[in-house]
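Residue numbers (the numbering used here): 923 to 1244. What follows is one structure encoded as structure tokens, with my remarks underneath.
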Amino acid sequence: SGMRPPAEVTSGRRDGLGDNEPPARPAAPGPGSRRDPDRKITRSQLQPAGDNEIEFIVQNPRSYASGTPVRSDPKTIGRFTFRVLVFPRGTSRSEGRSVSVFVEAVPPRNADPRWVFHGVSYQIMVVNWLDATKSMIKNDEFSFSAEGIDRGWHEMVQTAALKPEDGWVSEDDELLIRASCSCRSSDTITPGQGYNSRRETGYTGLKNHGATCYMNSLLQSLFHLGRFREIVYSVDGGGETMEDPPSTIHALQTVFYQIQTSESAVSCQDLIRSFGWDSTEALVSHDVQELSRLLCDKLEEQMKGTDHADGIKRLFEGEFEN
């Protein structure tokens, strides 16, 4: 761990949590450990920093002016990169009375300006060198983005207490901070008005007609099986017809074609009607395996007598070996 030279504060929110700050709680020497409540845990007895944790030492914290920041080196967890942003003499909001500490996200390289990491759990700890069980720990969850690039607390430890005898700095006048993050999901973007999935990603989605997410997942999966798509396109669907309900093969061909060409989300209403369902069925979530069986049965029935009569069976069949 080391100290980086003070830098200008990056743009973004540094809101703190005001009256809703989570309460501080005593630090423990490590997960699953047991300790005597009267036994002190010194800094040297703390477990090493974890794989998702930054340990950052700020030299001579009282030498900084109020509002002057210092940053740690960054650490990457999956796609999420973060660093510790410290105001040793506090932000302007704390008026120099408290050490302010934040987790700051580092924008992904070549990222879309609308990038966002949802639901990142983070924890900040100011370690007490004399007794780590008295360390100040706060944690929260936040969605980091270009508009909200950092999150933390304006008031962690009183600057007046930054003395070796109180344990908040070492005998060498070092302030020790640990920060950890857990990011369970990958980065995404926040679509705004005028967002075009086809233009942005090369793909488009399917409309949800009430509770049809299970069906949309199945259709997208089948669409991306090249051989399945080839079989569907190879069957004569009869072209434009006034048939009601429409044939399943023709309805599925239309959905697949629109997935390939449409600039907006694709409707599956004709396909739903081809199953013999009315509009209320779209409001009921069905089992995706049952739908897969229903869809394949319908297709195989309509493919009888064609060159692809057993194409779906051959595509999905397998063998059990004892």
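By construction, the Cβ of each residue, glycine as well, lies at the ideal position given by its N, Cα and C atoms.
Annotation note: the segment 1080 to 1145 contains the following uninterrupted alpha helix (DSSP H) runs of length 4 or greater, listed N- to C-terminal: 1119 to 1123, 1135 to 1145. Here residue 1033 is exposed, its C-beta having fewer than 16 other C-beta atoms within 10 Å.
Annotated as distal: residue 984 and residue 1052, with beta-carbon spacing of 7 Å or more. Inter-residue distance for residue 1093 and residue 1041 is about 38 Å (C-alpha atoms, whole angstroms). Straight-line measurement puts the Cα of residue 1241 at about 24 Å from the Cα of residue 1209. 1023 is the residue among 1023, 1201, 1087, 1136 whose C-alpha sits nearest the C-alpha of residue 1077. If you look at residue 1219, you'll find it in the alpha helix (DSSP H) that goes 1210 to 1224. Bridge pairing for residue 979: 1098 [DSSP]. In the DSSP assignment, residue 1027 falls within the beta strand (DSSP E) that extends over 1020 to 1028. Apart from sequence neighbours up to five positions away, the residues of its chain that approach residue 1045 with a beta-carbon distance below 6 Å are 1061, 1102, ordered along the chain. Scanning 1176, 1183, 1170 for the CA closest to the CA of residue 1120 turns up 1183. Counting only residues of its own chain and dropping the five nearest sequence neighbours on each side, residue 1205 has a CB closer than 7 Å to the CB of 1132, 1133. In the DSSP annotation of this structure, residue 1235 is not part of any beta strand (DSSP E); the continuous alpha helix (DSSP H) holding it starts and ends at 1233 to 1238. Within 10 angstroms of the beta-carbon of residue 1074 lie 16 or more other beta-carbons, which makes it buried. Here the alpha carbon of residue 975 sits roughly 51 Å from the alpha carbon of residue 1154. Of the other Cβ atoms in all chains shown, 16 or more fall within 10 Å of the Cβ of residue 1220; this residue is therefore buried. Residue 977 holds the alpha-carbon nearest to the alpha-carbon of residue 994 among 977, 1238, 1001. Comparing C-alpha distances from residue 1016 to each of 987, 1173, 1202 shows the shortest one belongs to 987. For the options 1167, 1054, 1059, the alpha carbon positioned closest to that of residue 1047 is the one of 1059. Each of 1191, 1064, 1019 was checked against the Cα of residue 1202, and the nearest Cα belongs to 1191. DSSP places residue 1044 outside any alpha helix (DSSP H); the residue lies instead in the beta strand (DSSP E), whose first and last residues are 1037 to 1048. According to the DSSP assignment, residue 1183 belongs to the alpha helix (DSSP H) that extends over 1170 to 1183.
The C-beta separation of residue 1129 from residue 1054 comes to about 55 Å, leaving the pair out of contact by the 8 Å criterion. Here the C-alpha atom of residue 1138 lies approximately 17 Å from the C-alpha atom of residue 1172.
Sorting 1003, 1211, 1028, 979 by C-alpha distance to the C-alpha of residue 1136 places 1211 at the top. 1144 is the residue among 1144, 1181, 1104 whose C-alpha sits nearest the C-alpha of residue 1217.
Annotation for residue 1195: 1167, 1168 place their beta carbon closer than 7 Å to its own, counting only its chain and skipping 5 residues before and after.
In the three-state reduction of the DSSP assignment, residue 1150 falls in the helix class, which pools H, G and I.
In the three-state DSSP reduction, residue 1013 falls in the coil class, being neither helix nor strand.
Secondary structure note for residue 1192: its alpha helix (DSSP H) is the uninterrupted segment 1191 to 1196.
By the Cβ-count criterion, residue 1050 is buried, with 16 or more other Cβ atoms from all chains shown falling within 10 Å of its own Cβ.
Here residue 1001 carries a coil assignment [DSSP, helix/strand/coil]. Within a 10 Å sphere around the beta-carbon of residue 1116 sit fewer than 16 other beta-carbons, which makes this residue exposed.
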